[in-house]
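Residue numbers (the numbering used here): -14 to 411.
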């Protein structure tokens, strides 16, 4: 009987060790795949019933073509019509702005629950630099949107299957490595906003890295009603250090014919290491309209806060060795325009103050976009991560030690006949 128990124990431990190895391998190939196919379900709540996914190569040679795969999935419970649109931009390093290179649209299709539509776009770059991709899908009186970015370099010999991290425009490259530690991301934002038809406003969403490792390639996936136009800046945050923070600015413009009601602005922040969801309730009602004096005053306070935060972000970015001169110029313009708005407010010229505040909003959007672009990096984990290989080796060693222990334990025990004979003699 004891021998049977030992055998069963050995089998259980062996199965346990093999199971741990299998789980690790499944985890390993899931998180370290080199595919650039990434996606986020913008259907964070039942009311939002779509998922947009975007796949592309993060870095290509000038002589290669970029194949962009956009996929939209009906994750809801009813049929609706959707149309995929892709726009490609190039960052102009001289002007600091995006140059639109082309629009690509698929045909409108009817999607049943669970059905998906794939739209492939082939793009041939003409210059070395940073390119941006906007994927936008109108569906069921809503719109889903996300952005991606890639770098185009030029080499005479292109070595396949090697993934690099671009550290600067046309500069050197270093391999990306996984970091050991705890991931954590906290989103700080106002979860309910009162708006009125025709209003323009600027919301801020602060990202706080509460973990012990750096976060990379943080993309913003968003969806809301077609009645509200929105734009998010920056398009992507390439690295957020631990204990660090950054700001996404969301510009909203409510159309004049928006019916009164509560609308969701659902969003998801997805990076290589973490995913975090959020939702802002947009309460649209004509009763939300305030006297222009009060509206201008609140906007001035909001922009003063953002200027202070972005001033600190510019400082920390410059400490990392990046050239922040253009971002500083944008922020100086924002400060000057804000002061002009304050002067108009003091003179009770509220319409003029409101017009100048629109320029402040554009200046602030330029600041966050520029800060992200100057620190452009392409992070793609290699297939073989040293950290995960180390874990695999440790697990194999543990399994071998368990087997050696069981073997020695069984060898030390006397056979059953010898034990019985010894007991009779005593």
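Just so it is clear, CB atoms sit at the ideal spot from N, CA and C, and this is done for glycine as well.
All of these numbers come straight from a predicted model, not from anything done at the bench.
Indicate the three-state DSSP secondary structure (helix, strand or coil) for residue 56 in the structure shown. On the chain shown, position 71 is the one that residue 56 refers to. In the structure shown, residue 56 sits in a strand (DSSP, three-state: E or B).
Any C-beta of chain D under 9 Å from that of residue 171: Among the protein chains of the structure shown there is no chain D, as only one such chain exists.
Taking DSSP as the reference, what is the three-state secondary structure of residue 181? For the purposes of this step, residue 181 is identified with residue 196 of the chain shown, where counting begins at 1. Here residue 181 sits in coil by DSSP.
I need the straight-line Cα distance from residue 42 to residue 52, nearest angstrom please. Position 57 of the chain shown, counting from 1, holds the residue named residue 42. Position 67 of the chain shown, counting from 1, holds the residue named residue 52. Rounded to whole angstroms, residue 42 to residue 52 spans 7 Å at the Cα level.
Burial state of residue 107, where buried means 16 or more other Cβ atoms lie within 10 Å: Position 122 of the chain shown, counted from the start, is the residue given in the question as residue 107. Exposed: under 16 other Cβ atoms inside 10 Å.
Assuming the contact rule is C-beta atoms closer than 8 Å, residue 140 and residue 46 should be a hit. Round their C-beta distance to whole Å, please. For the purposes of this step, residue 140 is taken as residue 155 along the chain shown, with counting starting at 1. For the purposes of this step, residue 46 is taken as residue 61 along the chain shown, with counting starting at 1. Contact flag correct, Cβ pair sits at about 6 Å.
For residue 300 versus residue 351, is the C-beta spacing smaller than 9 Å? One-based indexing of the chain shown puts residue 300 at position 315. One-based indexing of the chain shown puts residue 351 at position 366. No, the Cβ-Cβ distance between residue 300 and residue 351 is not below 9 Å.
Check this for me: beta carbons of residue 233 and residue 192, under 9 Å apart or not? Counting from 1 along the chain shown, the entry for residue 233 is found at position 248. Counting from 1 along the chain shown, the entry for residue 192 is found at position 207. Yes. Within cutoff.
With a threshold of 6 Å on Cβ separation, who are the neighbours of residue 103 within its own chain once the five nearest residues in sequence on each side are excluded? Mapped onto the chain shown, residue 103 falls at position 118. 56, listed in sequence order.
Alpha carbon to alpha carbon, how far is residue 90 from residue 127? Give it in angstroms, no decimals. If you number the chain shown from 1, residue 127 lands on position 142. If you number the chain shown from 1, residue 90 lands on position 105. Going from the Cα of residue 127 to the Cα of residue 90 covers about 17 Å.
Measure the Cβ-Cβ separation of residue 250 and residue 269 and say whether it is below 9 Å. Position 265 of the chain shown, counted from the start, is the residue given in the question as residue 250. Position 284 of the chain shown, counted from the start, is the residue given in the question as residue 269. No; because the gap between Cβ atoms is not below 9 Å, this pair is not in contact.
Does residue 252 pass the burial test, meaning 16 or more other C-beta atoms within 10 Å, or should it be called exposed? Along the chain shown, one-based indexing puts residue 252 at 267. So residue 252 counts as buried.
Which of the three DSSP states, helix, strand or coil, is assigned to residue 47? What you label residue 47 is simply residue 62 of the chain shown in a count that begins at 1. Of the three classes helix, strand and coil, the one that applies to residue 47 here is coil, per DSSP.
One or two residues paired with residue 201 in a DSSP bridge: Position 216 of the chain shown, counted from the start, is the residue given in the question as residue 201. Answer is 224.
Helix or strand or just coil, what does DSSP make of residue 300? Here residue 300 refers to the residue found at position 315 when the chain shown is read from its first residue. Residue 300: helix per DSSP, three-state reduction.
Is the beta carbon of residue 36 sitting closer than 9 Å to the one on residue 181? Position 51 of the chain shown, counting from 1, holds the residue named residue 36. Position 196 of the chain shown, counting from 1, holds the residue named residue 181. No, the Cβ-Cβ distance between residue 36 and residue 181 is not below 9 Å.
From the DSSP output, read off the bridge partner residues of residue 323. Walking along the chain shown from the start, residue 323 turns up at place 338. For residue 323, which the question treats as bridged, DSSP gives no partner whatsoever.
Can you tell me whether residue 340 is helix, strand or coil according to DSSP? Sequence index remark: in the chain shown, residue 340 carries index 355 (1-based). In this structure, residue 340 counts as helix in the three-state DSSP scheme.
Can you give me the C-alpha to C-alpha distance between residue 59 and residue 209, rounded to a whole angstrom? Here residue 59 refers to the residue found at position 74 when the chain shown is read from its first residue. Here residue 209 refers to the residue found at position 224 when the chain shown is read from its first residue. Cα to Cα, the separation comes out at about 15 Å.
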